[in-house]
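Peer 1: Those sequence lines, one after another, are chains W and C. Residues 1 to 324 in the numbering used here are what the first sequence spells out, letter by letter. Residues 1001 to 1324 in the numbering used here are what the second sequence spells out, letter by letter. Handing you a structure now.
There are 2 protein chains.
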Amino acid sequence: MSDQVADQENKIHDLVIIGAGPAGLAAGIYSGRGGLEPVLLDMMGGGGQVNIIDKVENYPGVIDLETGAELADVMRRQAESFGAGITFDQVEKIEATEELVTLTCSSSTYRARAVLVASGASHRPLKVPGEGRLMGRGVSVCATCDGAFFKGQSVAVVGGGDAAVMEAVYLSRIVGHVTIIHRRDQLRAEKLLQDRIFAAQNVDFAWNSAVEEILGDKEVTGVRIKDVETGESRVLEVAAVFVFVGVVPNSGFLQGVVELDEFGFVKTDMNMQTSHPRIYAAGDLRAGSVRQIGTAVGDGINATVHIQEMLNASIPSRQHQTVS
Amino acid sequence: MSDQVADQENKIHDLVIIGAGPAGLAAGIYSGRGGLEPVLLDMMGGGGQVNIIDKVENYPGVIDLETGAELADVMRRQAESFGAGITFDQVEKIEATEELVTLTCSSSTYRARAVLVASGASHRPLKVPGEGRLMGRGVSVCATCDGAFFKGQSVAVVGGGDAAVMEAVYLSRIVGHVTIIHRRDQLRAEKLLQDRIFAAQNVDFAWNSAVEEILGDKEVTGVRIKDVETGESRVLEVAAVFVFVGVVPNSGFLQGVVELDEFGFVKTDMNMQTSHPRIYAAGDLRAGSVRQIGTAVGDGINATVHIQEMLNASIPSRQHQTVS
């Protein structure tokens, strides 16, 4: 073990932030400015799911950035400027006592008085050809983000649950036509959402259908689907494919540490505190999150302000950093 | 009554947003994009308290704007681009039934299926000479926003409650010296916060002191205070005066309509829904808000997504806007 690693592992940090998407970067900015010298852990370059967004139109205050990746870059540079640069490491295990949280990571071990979990959620992919290549070029996992780019055009929505139908209702008001592609012969979404989508005049359904391939060279031009009963394939000509076949919170390492909901999302109170008083959660993996950049940022700041209050209030022994 | 006013008053809007600060503008962006054709009411040009911030450094994603007013302007233009321009009107009374909310305003009356209250909170002013003139030029109501501009310098904090002491603790880690100016001979803040501030080596106190005037030509150079017992005045040379003598939510028109906390802040659940199912609240006037631009934006988006779900789910009679 190098001296540097040993020093790090001997230190008790005020705050470790897990994940450098918008929630984690917002927390980095606030806790960095607040003098907490946070450790910000991420295995990628930061920005999280923002990187896959083609063009961000709905993040308030930002109109001049071209892509999601550029917005992520600005947030990362802000966090860095306040001392919250990204440490490349991945959490494997968390252990928490009343006074201390210990994070065992792939490269090092961190001990902290507070931990903010902002590791996000992953969209469950279709795992078909074209999906990855055309992501952000017509393949989308966010109707609210990208729907407005397809005004008047035909699009497909894949899925039959609440999220898929809710997003299809949203899209039906904006685009020309929506085809919902669903593996079964009926929707799983709640009845009232079904009422709404069946009342829409510009929506039709490809029942019992599975996506085989998303088509297009530089951008989506269609989707090939297969009838799972007859085995027949056909191509729908669409300008976009919105995939809502589930979201998976990146919370595996929190099992047994804090309370999760039935889908693995982290339960918090309104101050973003989990069932463990030293562990907070923010952003897409928080139960009830509407999974937008702006709400992740809000969560991250909200959590950080309350973490600062918690640290100020609960640890009289914490060394006060004087400037004089 | 003009035909235009009569038309407006006969219409049932999907959503009326009260207040065009960051929370209201974020809601305008999202609900405009979502096809709700929101009415966004404000008596000023929009932006709310953001306009008084000298330089915004802690709003994630924004580094190139000079002033708070510029950030407010970008958000306003975004909202306008999605059809959510500001209507200049002021709410005087709200009446809500199970199905409908009616807002009596100074110029017109609005009926809506959902209302988002984002009218913010006002910092209680000292009401002394120099305060208004030097606001944003050394006079601040937000240590988190402005503290970093006074690294190594001497500043004053006015107030003795939790907010004042919490902000003084924050400032003491960043600036050179803090003088807390308080009208009484002891702090009102909770004990643990007091422990922290008394442990700081770069903080002193002007007890039994009232601010008479904030001094400076183009920026703050000092503050004249008066000992309320001896009547003697003296000048403290400081580069900034942070005023925390209370915050007042702009919620008077909500009395008896939705549940407020003891200070008049609006109680909501985690989806920003108040005690009335068609009235939501977002931003600084929400009970528990940490009153940052980023959290107001998050609140506004969070509220809007849930308002859209509520409208989609609860009103089967709502006309579906087809595009075909």
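Virtual Cβ for every residue (Gly too), placed ideally from N, Cα, C.
Taking 8 Å as the threshold (beta carbon to beta carbon), is ILE1174(C) in contact with chain W?
Peer 2: The residue labelled residue 1174(C) in the question sits at position 174 within the second sequence. True, the Cβ-Cβ gap to chain W drops below 8 Å.
Peer 1: Could you give the DSSP three-state label for SER251(W): helix, strand or coil?
Peer 2: Counting from 1 along the first sequence, the entry for residue 251(W) is found at position 251. Note: SER251(W) maps to coil in three-state DSSP.
Peer 1: Just the C-alpha distance for LYS93(W) and SER108(W), rounded to the nearest angstrom, thanks.
Peer 2: On the first sequence, position 93 is the one that residue 93(W) refers to. On the first sequence, position 108 is the one that residue 108(W) refers to. Between LYS93(W) and SER108(W), the C-alpha separation is close to 11 Å.
Peer 1: Pick out whichever of ASP73(W), MET43(W), VAL128(W) has its Cα sitting closest to the Cα of SER106(W).
Peer 2: The sequence position of residue 106(W) within the first sequence is 106, counting from 1. Cα-wise, what sits closest to SER106(W) is MET43(W).
Peer 1: State the Cα-Cα distance for the pair PRO277(W) and TYR59(W), rounded to the nearest angstrom.
Peer 2: Looking up residue 277(W) in the first sequence gives position 277. Looking up residue 59(W) in the first sequence gives position 59. Looking at the two C-alpha atoms, the distance is approximately 31 Å.
Peer 1: Using the three-state DSSP reduction, which class does ASP3(W) fall into: helix, strand or coil?
Peer 2: One-based indexing of the first sequence puts residue 3(W) at position 3. Correct three-state label for ASP3(W): helix.
Peer 1: For VAL39(W), which residues from the same chain have a beta carbon less than 8 Å from its beta carbon, with the 5 sequence-adjacent residues on both sides left out?
Peer 2: Along the first sequence, one-based indexing puts residue 39(W) at 39. Answer for VAL39(W): HIS13, LEU15, VAL16, ILE17, THR87, TYR110, ALA112, listed in chain order.
Peer 1: Of the residues that make up the segment 1264-1275 of chain C, which ones have a beta carbon closer than 9 Å to any beta carbon in chain W?
Peer 2: Those would be THR1268, ASP1269, MET1270, ASN1271, in chain order.
Peer 1: From VAL91(W), VAL115(W), ASP89(W), pick the residue whose C-alpha is nearest to that of LEU100(W); which is it?
Peer 2: Stepping through the first sequence from its first residue, residue 100(W) is reached at position 100. The residue with the shortest Cα to Cα distance from LEU100(W) is VAL115(W).
Peer 1: For ILE63(W), go through chain C and note every residue whose CB falls closer than 8 Å to its CB, in chain order.
Peer 2: Translated into the one-based positions of the first sequence, residue 63(W) becomes position 63. Neighbours of ILE63(W) on chain C, chain order: VAL1074, ARG1077, GLN1078.
Peer 1: I'd like the span of the beta strand (DSSP E) that includes GLY1024(C), first residue to last.
Peer 2: As a working mapping, residue 1024(C) is identified with position 24 in the second sequence. No beta strand (DSSP E) contains GLY1024(C), which is instead part of the alpha helix (DSSP H) from 1022-1033.
Peer 1: Buried or exposed: which applies to GLU262(W), given that a residue is buried once 16 or more other Cβ atoms fall within 10 Å of its Cβ?
Peer 2: If you number the first sequence from 1, residue 262(W) lands on position 262. Label assigned to GLU262(W): exposed.
Peer 1: Measuring alpha carbon to alpha carbon, tell me which of SER275(W), GLU167(W), VAL297(W), VAL50(W) ends up nearest THR97(W).
Peer 2: Position 97 of the first sequence, counted from the start, is the residue given in the question as residue 97(W). Among SER275(W), GLU167(W), VAL297(W), VAL50(W), the Cα nearest to that of THR97(W) belongs to SER275(W).
Peer 1: Closer than 7 Å, Cβ to any Cβ of chain W: which residues of the segment 1287-1308 of chain C, in chain order?
Peer 2: Taking 7 Å as the Cβ-Cβ cut-off against chain W, the residues of the segment 1287-1308 of chain C that qualify are GLY1288, VAL1290, GLN1292, GLY1294, THR1295, VAL1297, GLY1298, ASP1299, ILE1301, ASN1302, VAL1305.
Peer 1: I'd like the span of the alpha helix (DSSP H) that includes GLY1068(C), first residue to last.
Peer 2: On the second sequence, position 68 is the one that residue 1068(C) refers to. Run containing GLY1068(C): 1068-1081, per the alpha helix (DSSP H) assignment.
Peer 1: With DSSP collapsed to three states, give me the class of ILE1263(C).
Peer 2: The residue given as residue 1263(C) occupies position 263 in the second sequence. Sequence check: residue 1263(C) is Phe here, not Ile. Residue state, collapsed to three classes: coil.
Peer 1: For ALA148(W), would you say it is in contact with chain C, using Cβ-to-Cβ distances shorter than 8 Å as the test?
Peer 2: Position 148 of the first sequence, counted from the start, is the residue given in the question as residue 148(W). By this cut-off, ALA148(W) is an interface position.
Peer 1: Which of helix, strand or coil does DSSP assign to GLU244(W)?
Peer 2: Here the question's residue 244(W) lines up with position 244 in the first sequence. What sits at residue 244(W) in the sequence shown is Phe, not Glu. The answer is coil: DSSP assigns PHE244(W) none of H, G, I, E or B.
Peer 1: Express the C-alpha separation of GLY1120(C) and ALA1072(C) in angstroms, rounding to a whole number.
Peer 2: Along the second sequence, read from residue 1 onward, the residue named residue 1072(C) stands at position 72. Along the second sequence, read from residue 1 onward, the residue named residue 1120(C) stands at position 120. Cα to Cα, ALA1072(C) sits roughly 14 Å from GLY1120(C).
Peer 1: Give, in chain order, every residue of the segment 1087-1113 of chain C whose Cβ lies closer than 9 Å to some Cβ of chain W.
Peer 2: Answer set for the segment 1087-1113 of chain C: empty.
Peer 1: Which first and last residues belong to the beta strand (DSSP E) in which THR97(W) is found?
Peer 2: Here residue 97(W) refers to the residue found at position 97 when the first sequence is read from its first residue. Run containing THR97(W): none; DSSP gives neither H nor E here.
Peer 1: How would you list, in chain order, the residues of chain W whose beta-carbon sits under 9 Å from the beta-carbon of THR1179(C)?
Peer 2: In the second sequence, the residue the question calls residue 1179(C) occupies position 179. Chain W residues near THR1179(C): none, gap ~13 Å exceeds 9 Å.
Peer 1: LEU1071(C) versus chain W: which residues are under 8 Å apart at the beta carbon?
Peer 2: Within the second sequence, residue 1071(C) is the residue found at index 71, counting from 1. Correct list: GLY61.
Peer 1: Among PHE198(W), VAL91(W), THR102(W), which residue has its Cα nearest to the Cα of THR179(W)?
Peer 2: In the first sequence, residue 179(W) corresponds to position 179, counting from 1. If we check each option's Cα against that of THR179(W), PHE198(W) comes out closest.
Peer 1: Residues of chain C with CB under 7 Å from PRO22(W), in chain order?
Peer 2: Within the first sequence, residue 22(W) is the residue found at index 22, counting from 1. Ordered by position in chain C, the residues that pass the 7 Å Cβ test against PRO22(W) are PRO1060.
Peer 1: Along the chain, which unbroken stretches of the beta strand (DSSP E) at least 3 residues long are found entirely within the segment 143-229 of chain W?
Peer 2: Runs of the beta strand (DSSP E) inside the segment 143-229 of chain W: 154-158, 177-181, 203-206, 209-216, 220-227.
Peer 1: Under 8 Å between the Cβ atoms of THR1295(C) and GLY298(W)?
Peer 2: Start at 1 with the first residue of the second sequence, and residue 1295(C) comes out as number 295. Start at 1 with the first residue of the first sequence, and residue 298(W) comes out as number 298. Yes, the pair counts as a contact, with Cβ atoms nearer than the cut-off.
Peer 1: Consult DSSP for ILE12(W) and reduce its assignment to one of helix, strand or coil.
Peer 2: Here residue 12(W) refers to the residue found at position 12 when the first sequence is read from its first residue. Strand, per DSSP.
Peer 1: Among the candidates GLY1034(C), THR1104(C), THR1067(C), whose CA atom is the shortest distance from the CA of GLN1008(C)?
Peer 2: Along the second sequence, read from residue 1 onward, the residue named residue 1008(C) stands at position 8. Of the listed residues, the one whose Cα sits closest to GLN1008(C) is THR1104(C).
Peer 1: Write down the C-beta distance between VAL1203(C) and ALA1168(C) rounded to the nearest angstrom, noting that I regard them as a contact closer than 8 Å.
Peer 2: As a position in the second sequence, residue 1203(C) is number 203, starting the count at 1. As a position in the second sequence, residue 1168(C) is number 168, starting the count at 1. Rounded, the Cβ-Cβ distance is 6 Å, consistent with contact.
Peer 1: Could you say which of ASP1089(C), PRO1129(C), GLY1161(C), ALA1189(C) lies nearest to VAL1005(C) if we only look at CA atoms?
Peer 2: Within the second sequence, numbered from 1, the residue matching residue 1005(C) stands at position 5. The candidate whose alpha carbon is nearest that of VAL1005(C) is ASP1089(C).
Peer 1: Excluding sequence positions up to five away, which residues of its chain have a Cβ less than 7 Å from the Cβ of GLU131(W)?
Peer 2: Mapped onto the first sequence, residue 131(W) falls at position 131. Closer than 7 Å at the Cβ level, and outside the excluded window around GLU131(W), lie PRO125, VAL139, ILE214.
Peer 1: If we cut at 8 Å on Cβ distances, does ASN312(W) have a partner in chain C?
Peer 2: Numbered from 1 along the first sequence, position 312 holds the residue referred to as residue 312(W). Closer than 8 Å: yes.
Peer 1: Could you name the residues of the same chain whose beta carbon sits closer than 8 Å to that of VAL266(W), not counting the 5 residues immediately before and after it, in chain order?
Peer 2: Locating residue 266(W) in the first sequence gives position 266, counting from the first residue. So the qualifying residues of the chain are VAL117, PRO249, SER251, LEU254, VAL258, GLU259, LEU260, THR274, ALA281, LEU285, ARG286, ALA287.
Peer 1: What are the residues that DSSP puts in a beta bridge with ASP1135(C)?
Peer 2: If you number the second sequence from 1, residue 1135(C) lands on position 135. Here residue 1135(C) turns out to be Met, not Asp, going by the sequence shown. BP columns for MET1135(C) point to VAL1139(C).
Peer 1: Please name the residue, chosen from THR1067(C), LYS1191(C), ARG1183(C), PHE1082(C), that lies closest to ILE174(W) on a Cα-to-Cα basis.
Peer 2: The count along the first sequence starts at 1 and reaches residue 174(W) at position 174. Selected option, being the one with the closest Cα: PHE1082(C).
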